[in-house]
Structures are given as structure tokens and as C-alpha cells.
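Number of protein chains: 2
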Amino acid sequence: MEDKINLATKLATFSEYFSPRTVAQLNNLDVMVVKAKGEFVWHKHDETDDFFLVLKGSITIQMRDGNVTLGPGEVFVVPKGVEHCPVAEEEAHILLIEPTNTPNTGNPETAATRRVV
Amino acid sequence: MEDKINLATKLATFSEYFSPRTVAQLNNLDVMVVKAKGEFVWHKHDETDDFFLVLKGSITIQMRDGNVTLGPGEVFVVPKGVEHCPVAEEEAHILLIEPTNTPNTGNPETAATRRVV
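Quick mapping for you: the protein sequence lines, in order, are chains D and G. Under the working numbering, think of the first position of the first sequence as 1, with each following residue one higher. Under the working numbering, think of the first position of the second sequence as 118, with each following residue one higher.
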């Protein structure tokens, strides 16, 4: 039987920003936690929507036609093909869901290596 | 542009137990919130894993080979084909993710109608 996953416990295992850790899989998707602080890079995913749930802190998802700011318990799905750039003034913790092996920068050459914790 | 989704605000719009509400879509999946109290029914989904994240309270996911009890910030993915029966002594709030039109009881004839809020 699989174990349950405590998201805070998983988040305590690393400190790097914008370096998602896969904590579970759901069909062909990775369920990931990530710590964010500062500005990420503008990018898009042509093949998949991009799910964000803020667990702690606050992030702003900048998009070309406007921004969305999320606090704890708030969800936003960036539709496939939409350019976006997350930014967090203070450290924020986020649950992400994307198909396994989706490059986090939208580009396999610059993407973080997939890491499972 | 899509709006952000505040999960607590969505949960405040209904009171029925075991009646999931779709709050967003991610590719071909429904992101749902549900209130649980009491015991659901034993069922399985042959075609999909079943994602649970507890937002408030506590639920136990009973399975034939053991139980998993989840509190806030804890995730469990029931693998496809595994019989399970969630139970909550007190009201619990849960985030669920499943492919759109997955019957919540595993059986289209007894499943809750899909509702989007």
C-alpha cells in the first residue's frame, strides 16, 4: 500500500527556489511541491494546462493580459499556450500538477531536473 | 482571463456531503471540492487513480489491505482498480482530482451528477 504524503514534511526536505519536487503521481501527472521566491522566467506549455495551489504565502502569476495573485487555499489553472511568469516577494509554497516530464521553464534545455522526494 | 479560485469560498456555496463540486479543469481532469461526513460507499475506478488532498478536518480512506488517515495538507492517491471507502467522523473538506465524468461511486447509475460551481 502507498503511504500518505504530508506536504509540509516534503517541503522541509529542501530549500532551493523554483526547483519542484515530485511527491506523488496521478495517472500520467506529477504532483509536485515547490518553493518560490523572486521572479521565475516567462514561459508557456503548449501541450498542457498548469495547475497552481498556494499552500503558504502568496504568489502573483503574471500573464500578458493581466496578473492573478493567489494566497493560501487559492487555485489558478494557466491554460495551455498562455505565457506566464510567477513571482513571489516572500517565500511561498505551492502545489503544482503537470504531466510527468513537463519542463518547468517550457524548454527542456533550461528546465529543472525531475526530482522525486 | 480566467479567475482565481478560492477553495473556501467554493466550499461555502453548498452543504451536502459526498456531492463533489467542480471548481476548475486541468486538461481533461476535474478539480473538485467535496464535504465528507460519515461513510461513503466501497467502490473503485478501473480507469483512473484518485487524488485526495485534505483541506480541513480528517478522513480515513479505508482499503481492503489497510487504512490511511489524512489531515490537513496531506495527500493520498488511490491507485486505479483499488477498492476504497472514505469515512469521516466529523465534517471534512477535501480537494479531489479525477478525469471529467468519472462516476464518484465508480458506477454511473449511482454517481452524483456533475456540478460546476
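No residue lacks a Cβ here, since even glycine has one placed at the ideal position from N, Cα and C.
- Here V148(G) is buried, its C-beta having at least 16 other C-beta atoms within 10 Å.
- Between V54(D) and E39(D), the gap from beta carbon to beta carbon reaches 7 Å or more.
- Looking at A24(D), V41(D), K10(D), the one whose alpha-carbon comes closest to that of A112(D) is V41(D).
- Taking 7 Å as the threshold, the shortest C-beta distance from A141(G) to chain D falls below it.
- At a beta-carbon threshold of 7 Å, the residues of chain D lying near N144(G) are T48, D49, ordered along the chain.
- Under the Cβ criterion of 7 Å, A8(D) is counted among the residues facing chain G.
- Distance check between I178(G) and each of T165(G), T130(G), A205(G), D166(G) places A205(G) closest, using alpha-carbon atoms only.
- Against E191(G), the close residues of chain D are K4, I5, N6, L7, in the order they occur along the chain (beta-carbon pairs closer than 8 Å).
- The residues P137, M149, V151, F168, F169, in chain order, have a CB closer than 7 Å to that of L213(G) in the same chain once the five nearest residues on each side in sequence are set aside.
- In the DSSP assignment, T126(G) falls within the unbroken alpha helix (DSSP H) covering 124-128.
- With fewer than 16 other CB atoms across the displayed protein chains lying within 10 angstroms of its CB, A8(D) is exposed.
- Sorting K154(G), F193(G), N184(G) by C-alpha distance to the C-alpha of E215(G) places F193(G) at the top.
- Within chain G, L143, I214 have C-beta atoms less than 8 Å from the C-beta of I97(D), given in sequence order.
- Here D46(D) is actually not in contact with L143(G); their C-beta atoms are around 15 Å apart, not less than 8 Å.
- For A153(G), the enclosing beta strand (DSSP E) stretches over residues 146-156.
- For V23(D) and I5(D), the gap between their C-alpha atoms comes out near 7 Å.
- Under the Cβ criterion of 7 Å, L187(G) is counted among the residues facing chain D.
- Boundaries of the beta strand (DSSP E) harbouring K56(D): 50-56, taken from the DSSP string.
- V148: these are the residues of the segment 147-160 of chain G whose beta carbon lies less than 7 Å from some beta carbon of chain D, given in chain order.
- F18(D) carries a coil assignment under DSSP once its states are collapsed to helix, strand and coil.
- The three-state reading of DSSP puts V82(D) in coil, since its state is none of H, G, I, E or B.
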